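J.: Heads up: the sequence shown runs through residues -19 to -1, 1 to 224, numbered per mature numbering (1 follows the signal peptide of the UniProt record, and there is no 0).
Beta carbons: idealized from backbone N, C-alpha and C, even for Gly.
As the structure is a prediction and not an experimental result, all values here were calculated from the model.
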Amino acid sequence: MIRTLAAITSILWSSYIFAATNDEIVNFLSVHEVPNSLSILPPPPIENTVQWSADKQAFIQTRHFEGTRRWKLAIADANLSANHMGDAFSDVLGIDISPRTTPKLIEVLKRVRGDSARLAVRSAKLEYMRIRPFVQFNTHSCTPESEKALSGNGSYPSGHASYGWAAALVLAELVPEKQNALLARGYDFGQSRVVCGVHWQSDVDAGRLMGSAAYARLHAKPEFISALAEASKELQELGVLKE
């Protein structure tokens, strides 16, 4: 019964976050193809352990960001749409990553989101249903409008961190000369969830691992390889890549 309720909650939350982006739920991988987070990840830290103490300290230390530019970035990064992911990396690449300018790249990012933010983290979220920091400490997050939905959804691992890292890997592969800046932005995208107070640090770390796992599996998917080649051609035509 508990597992059934958890599954329903997870499905409702997935519908909520994707509906909030005004994007359809699409992906490259099937449920059976995506790496299984429950088989790969260890359980989340439990209270009164060294790992949990580190999570607690990370939460406490990031509370001073409230009201700062970093807090505002965390609010922006809560947006899981492919369009926002494009915005997040546009400054690094020096171009407007958008449906109008780079439709093929946006389509890749949209489908990778389904693989990494949803499928790759789903099984562990359902199994552990970890309580989120703002609930644990009876406080607020940077996105109060999402707290009701978030409070009933497992915290571990972070789907946002998984997607942020996977998106950074996509772009770093396409534009390797800017890989360091792209990966740094992808890292910060995940850290925004800790700053926001909706994820523990270990949630975010595990999310990045699942983003990497999903991205590795995508390279065995011909449909993804073809779509990535089309995105690369698009960037070449815009002068981002050398011929």
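Pick helix, strand or coil for residue 27, following the three-state DSSP scheme.
T.: coil
J.: So, at 6 angstroms on beta carbons, what are the nonlocal neighbours of residue 222 in its own chain, with the 5 sequence-adjacent residues on each side left out?
T.: 216
J.: Between the C-alpha atoms of residue 156 and residue 198, what's the straight-line distance to the nearest angstrom?
T.: 20 angstroms
J.: Excluding the 5 residues flanking residue 121 on each side, which residues of the same chain have their C-beta closer than 8 angstroms to its C-beta?
T.: 115, 128 and 178
J.: Tell me which residues share the same chain as residue 33 and place their Cβ nearer than 7 angstroms to its Cβ, disregarding the 5 neighbours each side in the sequence.
T.: 26 and 27
J.: Look up residue 216 in the DSSP assignment and say whether it is helix, strand or coil.
T.: helix
J.: Note down, in chain order, each residue of its chain lying with its Cβ closer than 7 angstroms to the Cβ of residue 160, except the 5 sequence neighbours on either side.
T.: 153
J.: Buried or exposed for residue 41, going by 16 or more other Cβ atoms inside 10 Å?
T.: exposed
J.: Can you tell me whether residue -2 is helix, strand or coil according to DSSP?
T.: Unreliable positioning characterises residue -2 in this predicted model, as indicated by a pLDDT of 49, which lies under 50. The coordinate reading is nonetheless provided below. Residue -2: helix per DSSP, three-state reduction.
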